[in-house]
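Data first, discussion second: the structure below is written as structure tokens.
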Amino acid sequence: MRFNLLPTDTAFYDLFGKSANHLVDGARLLAGLLDPGSDHAEVAARVREVEHRCDEVTHETIRRLNSTFITPFDREDIYRLAGGLDDVMDDMEAAADYVHLYAIADLPPGAAEQIDLLGKAADLTAAAMPRLRDMRGLDEYWIEVNRLENLGDGIYRKSLATLFSGAYDALTVMRLRDVVEQLEAALDSFEKVANIVEQIAVKES
Amino acid sequence: MRFNLLPTDTAFYDLFGKSANHLVDGARLLAGLLDPGSDHAEVAARVREVEHRCDEVTHETIRRLNSTFITPFDREDIYRLAGGLDDVMDDMEAAADYVHLYAIADLPPGAAEQIDLLGKAADLTAAAMPRLRDMRGLDEYWIEVNRLENLGDGIYRKSLATLFSGAYDALTVMRLRDVVEQLEAALDSFEKVANIVEQIAVKES
Amino acid sequence: MRFNLLPTDTAFYDLFGKSANHLVDGARLLAGLLDPGSDHAEVAARVREVEHRCDEVTHETIRRLNSTFITPFDREDIYRLAGGLDDVMDDMEAAADYVHLYAIADLPPGAAEQIDLLGKAADLTAAAMPRLRDMRGLDEYWIEVNRLENLGDGIYRKSLATLFSGAYDALTVMRLRDVVEQLEAALDSFEKVANIVEQIAVKES
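From first to last, the protein sequence lines stand for chains A, B and C.
Going by numbering that gives the first Met the number 0, the residue at position 5 of the first sequence is 4; the numbering climbs one at a time, nothing skipped.
Going by numbering that gives the first Met the number 0, the residue at position 15 of the second sequence is 14; the numbering climbs one at a time, nothing skipped.
Going by numbering that gives the first Met the number 0, the residue at position 11 of the third sequence is 10; the numbering climbs one at a time, nothing skipped.
This is the structure:
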């Protein structure tokens with residue numbers, strides 16, 4: 000039997016899991032923007048609430064990092080992963096906020112597919128966080144998130160072509176475009192999280 | 000008495016302080032854009048001048064890094080902090096440049112508040128740099144800069160809502176928006192500097 | 000004679016060289032967009048093809064990183080350099096894609112100069128990669144790429160001033176602007192690669 004005299008602090012895995020679960024909640028709320036007759040002000044307020052809770056988890060992670068001697072992996076990687084998860088939440092919140100701020104009645108073309116991809120990426124990320132404990136099965140996670148991001152990129156570019164096709168006036172193009180871009184940014188941020196996880200796995204391997 | 004046989008090069012603290020002081024100057028010049036009848040071409044030229052001086056400090060920091068064996072903290076962190084301070088200056092210069100390039104007579108709604116926040120963030124950053132020597136009192140600095148950035152985010156989003164409210168034509172929206180976004184980017188860059196300082200403190204703690 | 004009992008894997012240098020050569024190809028294809036009567040759909044398709052090949056090299060680099068015990072420099076720096084080269088390719092591909100997606104007949108003002116700078120930055124980068132072996136002569140490379148990026152910044156800002164001068168309608172400004180910005184982003188990404196190389200050299204010195 001091998002004693003681990005200096006056990007690492009495993010609370011980090013739970014904190015990353017909590018952050019990722021907030022992303023799942025955020026993506027689900029964004030899907031509510033697609034319901035006909037949904038109250039965009041209320042959806043934006045609820046996404047903001049989730050964003051605040053996610054922020055608190057991030058700060059708790061940083062505080063714990065400051066007071067923990069032995070961490071499960073590089074301190075800096077914990078910091079980056081916590082920040083990366085937080086960035087996704089910020090992007091999702093900004094998207095909901097634009098829809099509300101600009102008083103957008105109909106979401107831009109492609110937004111439904113983008114939000115669907117965000118939901119899938121959030122689920123994958125939430126499923127991957129506990130697997131950081133043994134670093135197993137993470138390859139499929141980041142490969143799949145990269146695939147989703149590629150799909151999202153195609154949807155994003157097609158949306159832009161539609162927006163600029165002449166069917167919309169310039170101010171409408173600008174407003175809808177901000178939403179499309181923020182949703183694309185959220186998907187990119189999911190990919191960045193996957194890349195951070197990949198780098199952690201590379202180092203620990 | 001403990002001899003420090005291999006003293007670290009403390010010139011880095013002075014260099015970071017110099018960079019941050021240039022940011023204070025830059026923020027003060029931006030405030031000049033708000034004066035009725037101010038010469039925007041001249042303000043932009045003076046901000047550019049400060050930006051060049053800031054660049055020189057950054058390069059001196061890198062050169063010193065190349066020729067110094069023992070550094071006060073991780074070489075890479077010195078590099079990142081130098082780059083982060085330089086990014087703030089670049090953002091402030093770009094904002095002044097847009098006002099001049101686009102021949103904007105009246106600054107966009109919210110710009111006065113944004114510039115005020117930049118001045119505060121610059122002062123805090125300049126006051127924090129010397130404290131890197133003993134890593135004391137840095138918590139308040141980065142918490143406060145994060146708070147300012149949150150405030151700025153609210154102002155930024157409200158500006159956008161005003162710009163897209165229908166009171167401005169599309170080209171004016173685009174022009175004013177670039178200024179608002181660049182000021183927001185500068186505030187974000189101040190937050191990134193604070194985050195780099197936080198990470199350095201985390202590592203050294 | 001000194002035996003190197005644990006030889007580092009030198010295949011990484013070849014992989015970085017391959018990536019950089021794809022950037023040279025990409026920049027050359029972009030130049031084709033300037034030819035009167037060039038088929039923009041076909042150019043965009045060919046840039047995308049090069050982008051796929053560049054992607055494959057990046058993945059091969061990561062795979063090799065996962066299976067190599069001793070690397071010529073920090074694992075994380077290899078990861079960042081591979082990612083940085085890949086980012087340039089993504090930016091160039093996005094620029095060509097915008098020209099095609101938006102059905103832009105005449106490229107925006109300044110695009111010819113921007114594409115010329117991209118070609119020069121690509122050539123310099125391709126010439127620098129083999130020099131990572133002995134870390135010699137890299138100073139000139141990153142100083143020159145930084146100089147090109149500064150030139151590009153001036154061209155970019157002048158383009159914007161022209162676009163917003165009143166000679167173009169709002170939708171045209173938006174479309175042309177995306178191209179100008181993506182070309183500028185590609186040049187920025189070249190500078191980031193140069194900065195990563197500089198940091199590697201700093202660490203190894």
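Backbone N, C-alpha and C define an ideal beta-carbon position, used for all residues, glycine too.
Where residue i falls, given that 16 or more other Cβ within 10 Å makes a residue buried
{"i": "Ser-37/C", "result": "exposed"}
{"i": "Asp-85/C", "result": "buried"}
{"i": "Pro-107/C", "result": "buried"}
{"i": "Arg-268/C", "result": "Past the edges of chain C, shown from 0 to 204, lies residue 268/C, and the structure says nothing about it."}
{"i": "Asp-168/C", "result": "exposed"}
{"i": "Gly-136/A", "result": "exposed"}
{"i": "Ala-185/C", "result": "buried"}
{"i": "Arg-1/C", "result": "Low confidence applies to Arg-1/C: its pLDDT is 45, below 50, so where it sits in the model is not reliable, and the reading given next is rough at best. Result: exposed."}
{"i": "Arg-132/C", "result": "exposed"}
{"i": "Thr-62/A", "result": "Per the sequence presented here, residue 62/A reads as Arg, with Thr not at that position. It counts as exposed."}
{"i": "His-39/B", "result": "buried"}
{"i": "Ile-207/B", "result": "Any answer about residue 207/B is impossible in this case: the structure gives chain B only from 0 up to 204."}
{"i": "Ser-66/A", "result": "exposed"}
{"i": "Thr-57/A", "result": "buried"}
{"i": "Ala-10/A", "result": "exposed"}
{"i": "Asp-189/B", "result": "Just to set this straight, residue 189/B is Phe in the shown sequence, not Asp. When all chains shown are included, Phe-189/B counts as buried."}
{"i": "Ala-193/A", "result": "buried"}
{"i": "Asp-34/A", "result": "exposed"}
{"i": "Ile-114/A", "result": "buried"}
{"i": "Ile-69/B", "result": "exposed"}
{"i": "His-99/B", "result": "buried"}
{"i": "Glu-203/B", "result": "exposed"}
{"i": "Asp-138/B", "result": "exposed"}
{"i": "Glu-55/B", "result": "exposed"}
{"i": "Ala-110/A", "result": "buried"}
{"i": "Ala-166/C", "result": "exposed"}
{"i": "Glu-197/B", "result": "buried"}
{"i": "Gly-153/A", "result": "exposed"}
Chain-ordered neighbours of residue i on chain C, where CB pairs are closer than 9 Å
{"i": "Arg-52/B", "result": "Chain C residues near Arg-52/B: none, gap ~15 Å exceeds 9 Å."}
{"i": "Arg-156/A", "result": "Ala-93, Asp-96, Tyr-97, Leu-100"}
{"i": "Val-201/A", "result": "Ile-61, Leu-64, Asn-65, Arg-74, Glu-75, Tyr-78"}
{"i": "Ala-169/B", "result": "Asp-168, Ala-169, Leu-170, Val-172, Met-173"}
Contacts that residue i makes with chain A (C-beta to C-beta distance below 8 Å)
{"i": "Ala-160/B", "result": "Leu-100, Tyr-101"}
{"i": "Phe-189/B", "result": "Ordered by position in chain A, no residue passes the 8 Å Cβ test against Phe-189/B, which lies about 16 Å from the chain."}
{"i": "Phe-15/B", "result": "Going along chain A, no residue has its Cβ under 8 Å from Phe-15/B, so there is no contact; the nearest lies around 20 Å."}
For residue i, the three-state DSSP class (helix, strand or coil)
{"i": "Asn-65/C", "result": "helix"}
{"i": "Phe-72/C", "result": "coil"}
{"i": "Asp-38/B", "result": "coil"}
{"i": "Leu-33/A", "result": "coil"}
{"i": "Thr-57/C", "result": "helix"}
{"i": "Arg-1/C", "result": "Confidence at Arg-1/C is low in this model, with a pLDDT of 45, below 50, so its placement is unreliable and no value can be given for it."}
{"i": "Asp-13/B", "result": "helix"}
{"i": "Asp-24/C", "result": "helix"}
Closer than 7 Å at the beta carbon, the chain B residues around residue i
{"i": "Arg-45/A", "result": "What Arg-45/A touches in chain B: nothing, since even the nearest Cβ is about 17 Å away."}
{"i": "Phe-68/C", "result": "The premise fails here: Phe-68/C is roughly 23 Å from chain B at the closest Cβ pair, so nothing lies under 7 Å."}
Neighbour list for residue i in chain A, Cβ cutoff strictly below 7 Å
{"i": "Gln-198/B", "result": "Glu-75, Tyr-78"}
Per-residue contacts from residue i into chain B (C-beta, under 9 Å)
{"i": "Phe-11/C", "result": "What Phe-11/C touches in chain B: nothing, since even the nearest Cβ is about 20 Å away."}
Q | Ranges of the beta strand (DSSP E) found wholly within the stretch 148-188 of chain C, counting only runs of at least 3 | A | none
Q) Going along the chain, which unbroken runs of the alpha helix (DSSP H) with 4 or more residues stay wholly within the stretch 77-144 of chain B? A) 110-127
Q) Do the stretch 174-182 of chain C and the stretch 168-184 of chain A meet, that is, are 3 or more Cβ pairs less than 8 Å apart? A) no
(Q) Tell me whether the stretch 121-128 of chain A and the stretch 157-171 of chain A touch, counting them as touching only if at least three CB pairs, one residue from each stretch, are closer than 8 Å. (A) no
(Q) Three or more C-beta pairs under 8 Å: does that hold for the stretch 23-31 of chain B against the stretch 111-119 of chain B? (A) yes
Q.
Would the stretch 99-106 of chain B count as touching the stretch 7-21 of chain C if we require 3 or more Cβ pairs under 8 Å?
A. no
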